[in-house]
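As they're listed, the protein sequences go chains L and C.
Start counting the first sequence at 1; every next residue gets the next number (this note's numbering).
Start counting the second sequence at 1001; every next residue gets the next number (this note's numbering).
Cβ coordinates follow ideal geometry from the N, Cα and C atoms, glycine included.
A short write-up of the structure that comes next.
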Amino acid sequence: MRASPAALAALLALAAAEAASPERAPDAVPAGLRHEVAQLRLERELSTGKGFYLRLDAGRKRLALMLQGVTLDEYEARGFELGVPEVLFVDRRPRRGWDTEAISKGRLDPERQRDRIEVVAPAPAPSGAQPAGGATPAPPPVPKSAEETVSVPSPYRIVFAEGVSVEVRSSGVGRNRSWLRRQADALGLRLSDLGSALGLGTRDRVRLRVTLAAEEAAALYRSLPPDVGLIVVGLPPS
Amino acid sequence: MSAGAETPTSAPAGPPKRAVPHTPTTVAVAFGRFVLAELRVRLAALWARRRVRAALVGVVFLLLAFLGTGWDFAAATPQVAPGAAVKSATREAVRLAGERERLQTALERRVPRGPWIVIDQTHNRLRLMRGDETLLEAPCSAGSGMVLKEGAKGRVWVFDTPRGRFEVLSKTENPVWKKPDWAFVEEGEPIPKDPADRLEYGSLGEYALYFGNGYMIHGTLYERLLGRPVSHGCIRLGKDPLRELYRQVPLGTPVYIY
């Protein structure tokens, strides 16, 4: 039996319509929506956990320290850049959907030092008598405030286990340093970047550079809890 | 040779050439030309050597590698209109839009409806919040981080304030402090056997809000030290903010410490 050209054309049109049918075409769903829902799922997961996490909002240019869905502190980003390692002018793009996966165990680099005061208690005196030494023990020294004890480097990084890091830069810092010192610092940074791009030391896949006001960058460095998580929202799907 | 006859010269026919005067500029130009010519000759001699050629190519490659290796940063372009209405009417799109709405609602519900307390133990600040509004902000004193070692028994206490989410479990007016062992050890006093000897009146101020594991928000006798980390782990607060906090905070209020 031979099919007529008209019947063939009708059959082809039907097949094309079927292929384009919304029920059978998952790609008809906007990629942005799929991405947004994946991020919301991740954020919901973070908000039901017990750990602290940072929420970096690319749209609002805000970096927030959060716990269980509650914003504890918020920092206004003056600049926000997305960086990928580049070897011989070739970018190594991160895996698709890296920002919809859990990013955890953030730690400061360089690490924050904390000097604890150690006090050895005097031996107890028999009841009714003065403590050993004949006088009341001297009051323990008053610990210094965080501003007095913790010096903040610029830039510093928050390095996460999944190969993502946040580089925090303080705007306006270093202007009072000499030209030679600034060049030396820049060269040091450049060499460090070269090493990390080549996979020496830390194996970062994505680096988010955030520029904060100097006081805010310092406050974040001093108060960042250990093992912090991260979620980056507001970026277009990769 | 006849007298008066002109002596023939070797100069070519034509107009006589004028001598160039030796000015500093001409001398400099001539010297420059000489140096350039000399440099060209020497570089050509160097380039003729294979090792030098290889080294130069290597240096250029390394320079390019240095310039082209590192991190490539670009300003992050935010997603266009997140949360926008979905125009696609596919079944999957509708399902995802519904899920997005549910997730957003669930996230909004994580924020307490009533008041909540945030304590920044690094900068020793306490804030009482309701939604986005700050109802109260005051300096406080969090744990000093000091380590106390007991000589004889070798017990060790670390005076840190815990981090995390807690709740106000009880509220007390005129609280009485039941001194723990470390309070006696620190003072060099023997640990009393009678529990009544552990009670101390007035040192916790007018009010205390207990949030678990022996930790409280309470008053202090040393208001001049507020803003510094001097406590044994509790949160010390000045008289007036403590009164305000006690008045505004019901039982079950979340306390977030970071």
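So, is the C-beta of residue 133 of chain L closer than 9 Å to a C-beta in chain C? Here the question's residue 133 of chain L lines up with position 133 in the first sequence. Summary for residue 133 of chain L: the model assigns pLDDT 49, below 50, so the residue's position carries little reliability; its value from the coordinates is reported in the next sentence. Chain C contact via Cβ: present.
Residue 1097 of chain C CB to nearest chain L CB: under 9 Å? To locate residue 1097 of chain C, count along the second sequence from 1; it is residue 97. The beta carbon of residue 1097 of chain C falls within 9 Å of a beta carbon belonging to chain L, placing the residue at that interface.
Interface partners of residue 1214 of chain C on chain L, CB under 7 Å: Here residue 1214 of chain C corresponds to residue number 214 of the second sequence, with the count starting at 1. Within chain L, no C-beta atom comes nearer than 7 Å to that of residue 1214 of chain C; the closest sits roughly 19 Å away.
Grouping DSSP H, G and I as helix and E and B as strand, with all else coil, what is residue 1029 of chain C? Within the second sequence, residue 1029 of chain C is the residue found at index 29, counting from 1. In this structure, residue 1029 of chain C counts as helix in the three-state DSSP scheme.
Stretch pair the stretch 1067-1076 of chain C + the stretch 70-89 of chain L: three plus CB contacts closer than 8 Å: In short, these stretches touch, since the Cβ pair count reaches three.
Taking the alpha-carbon of residue 1257 of chain C as reference, which of C/1167, C/1219, C/1214 has the nearest alpha-carbon? Locating residue 1257 of chain C in the second sequence gives position 257, where the first residue counts as 1. When C/1167, C/1219, C/1214 are compared, the shortest CA-CA separation from residue 1257 of chain C is found for C/1167.
Would the beta-carbon of residue 1077 of chain C fall within 9 Å of that of residue 236 of chain L? The residue given as residue 1077 of chain C occupies position 77 in the second sequence. The residue given as residue 236 of chain L occupies position 236 in the first sequence. Residue 1077 of chain C places its beta carbon less than 9 Å from that of residue 236 of chain L.
One question on the structure: do residue 96 of chain L and residue 146 of chain L come within less than 9 Å of each other, judged by their Cβ atoms? Here residue 96 of chain L is taken as the residue at index 96 of the first sequence, counted from 1. Here residue 146 of chain L is taken as the residue at index 146 of the first sequence, counted from 1. Their beta carbons are not under 9 Å apart, which means residue 96 of chain L does not touch residue 146 of chain L by this criterion.
For residue 1223 of chain C, decide whether its Cβ has a neighbour in chain L, counting only Cβ atoms nearer than 9 Å. On the second sequence, residue 1223 of chain C is found 223 positions in, with the first residue counted as 1. No - not a single Cβ of chain L is within 9 Å of the one on residue 1223 of chain C.
What does the Cβ neighbour count give for residue 1220 of chain C, buried or exposed, with the cut at 16 atoms within 10 Å? As a first step, residue 1220 of chain C is located in the second sequence; it is residue number 220 there, counting from the start. Buried is the call here.
Figure out for me which residue from C/1034, C/1079, C/1146 has the closest Cα to the Cα of residue 1233 of chain C. Counted from its first residue, the second sequence places residue 1233 of chain C at position 233. If we check each option's Cα against that of residue 1233 of chain C, C/1146 comes out closest.
Close Cβ partners of residue 1226 of chain C (< 6 Å) along its chain, the five nearest in sequence each way excluded: Start at 1 with the first residue of the second sequence, and residue 1226 of chain C comes out as number 226. Apart from sequence neighbours up to five positions away, the residues of its chain that approach residue 1226 of chain C with a beta-carbon distance below 6 Å are 1139, 1141, 1238, ordered along the chain.
Using a Cβ-Cβ cutoff of 9 Å, what residues of the stretch 1050-1081 of chain C are near chain L? List them in chain order. Of all residues in the stretch 1050-1081 of chain C, 1064, 1065, 1066, 1067, 1068, 1069, 1070, 1071, 1072, 1073, 1074, 1075, 1076, 1077, 1078, 1079, 1080, 1081 have a Cβ within less than 9 Å of some Cβ in chain L.
Is the CB of residue 117 of chain L under 9 Å away from at least one CB in chain C? The residue you call residue 117 of chain L lines up with position 117 of the first sequence. Residue 117 of chain L counts as touching chain C.
Just grab the DSSP bridge partners of residue 1216 of chain C for me. Translated into the one-based positions of the second sequence, residue 1216 of chain C becomes position 216. For residue 1216 of chain C, which the question treats as bridged, DSSP gives the partners C/1210.
Alpha-carbon to alpha-carbon, residue 1196 of chain C and residue 63 of chain L: Counted from its first residue, the first sequence places residue 63 of chain L at position 63. Counted from its first residue, the second sequence places residue 1196 of chain C at position 196. Each residue's CA atom was taken as its position, placing residue 63 of chain L and residue 1196 of chain C some 50 Å apart.
Out of L/238, L/234, L/229, which has the shortest C-alpha to C-alpha gap to residue 243 of chain L? The requested residue 243 of chain L does not occur in the structure, where chain L is confined to residues 1 to 238.
Output, in chain order, the set of chain L residues within a Cβ distance shorter than 8 Å of residue 1142 of chain C. Start at 1 with the first residue of the second sequence, and residue 1142 of chain C comes out as number 142. When 8 Å is used as the limit between beta carbons, residue 1142 of chain C is near no residue of chain L, the shortest such separation being about 10 Å.
So which residues of chain L does residue 1122 of chain C contact, with C-beta pairs closer than 7 Å? Locating residue 1122 of chain C in the second sequence gives position 122, counting from the first residue. The answer, in chain order, is 146, 222, 223.
Would residue 1022 of chain C be called buried (16 or more neighbouring beta carbons within 10 Å of its own) or exposed? Your numbering for residue 1022 of chain C matches position 22 in the second sequence. Under the 10 Å beta carbon count, residue 1022 of chain C is surrounded by fewer than 16 other beta carbons and is classified as exposed.
For residue 68 of chain L, go through chain C and note every residue whose CB falls closer than 7 Å to its CB, in chain order. Counted from its first residue, the first sequence places residue 68 of chain L at position 68. Under the 7 Å cutoff, chain C gives 1110, 1165.
Could you spell out the range, first to last residue, of the alpha helix (DSSP H) harbouring residue 1231 of chain C? The residue labelled residue 1231 of chain C in the question sits at position 231 within the second sequence. Element bounds for residue 1231 of chain C: n/a, residue is neither H nor E.
Contact residues within the stretch 47-68 of chain L, judged by C-beta distance below 7 Å to chain C: Contact annotation: in the stretch 47-68 of chain L, residues whose CB is within less than 7 Å of a CB in chain C are 47, 50, 52, 58, 59, 65, 67, 68.
Exposed or buried, which one is residue 1144 of chain C when buried takes at least 16 other CB atoms within 10 Å? On the second sequence, residue 1144 of chain C is found 144 positions in, with the first residue counted as 1. That one is buried.
What ranges does the beta strand (DSSP E) occupy inside the stretch 70-151 of chain L, keeping only unbroken runs of at least 3 residues that lie completely in it? Those beta strand (DSSP E) runs which fall completely within the stretch 70-151 of chain L and span 3+ residues are 70-87, 103-109, 118-120.
Pick from L/217, L/142, L/87: whose alpha carbon is nearest that of residue 1061 of chain C? The residue you call residue 1061 of chain C lines up with position 61 of the second sequence. Comparing alpha carbon positions, the residue from L/217, L/142, L/87 closest to residue 1061 of chain C is L/87.
Does the separation of the CB atoms of residue 1230 of chain C and residue 142 of chain L fall below 9 Å? As a working note, residue 1230 of chain C is residue 230 in the second sequence. As a working note, residue 142 of chain L is residue 142 in the first sequence. Closer than 9 Å, so yes.
Cβ separation of residue 1111 of chain C and residue 69 of chain L, assumed to be a contact under 8 Å, to the nearest whole Å: In the second sequence, residue 1111 of chain C corresponds to position 111, counting from 1. In the first sequence, residue 69 of chain L corresponds to position 69, counting from 1. Contact flag correct, Cβ pair sits at about 6 Å.
Could you work out which residues of chain C lie near residue 81 of chain L, taking near to mean beta carbons separated by less than 9 Å? Here residue 81 of chain L refers to the residue found at position 81 when the first sequence is read from its first residue. Chain-order list of chain C residues neighbouring residue 81 of chain L: 1073, 1074, 1075, 1076, by C-beta distance under 9 Å.
Anything in the stretch 1179-1200 of chain C with a Cβ closer than 9 Å to a Cβ of chain L? List those residues in chain order, please. Within the stretch 1179-1200 of chain C, the qualifying residues are 1182, 1184, 1185, 1186, 1187, 1188, 1189, 1190, 1191, 1192.
Range covered by the beta strand (DSSP E) that runs through residue 1150 of chain C: In the second sequence, the residue the question calls residue 1150 of chain C occupies position 150. No beta strand (DSSP E) holds residue 1150 of chain C; DSSP gives it neither H nor E.
Closer than 7 Å, Cβ to any Cβ of chain C: which residues of the stretch 84-95 of chain L, in chain order? Contact annotation: in the stretch 84-95 of chain L, residues whose CB is within less than 7 Å of a CB in chain C are 84, 85, 86, 87, 88, 89, 91.
Per DSSP, cross-strand counterpart(s) of residue 1171 of chain C: As a first step, residue 1171 of chain C is located in the second sequence; it is residue number 171 there, counting from the start. Answer is C/1209, bridged to residue 1171 of chain C.
Contacting positions in the stretch 1148-1161 of chain C - beta carbon closer than 8 Å to chain L: Within the stretch 1148-1161 of chain C, the residues whose Cβ lies closer than 8 Å to some Cβ of chain L are 1148, 1149, 1150, 1151, 1152, 1158, listed in chain order.
Helix, strand or coil, according to DSSP, for residue 252 of chain L in the structure here? As displayed, chain L neither begins before 1 nor continues past 238, which places residue 252 of chain L out of reach and without an answer.
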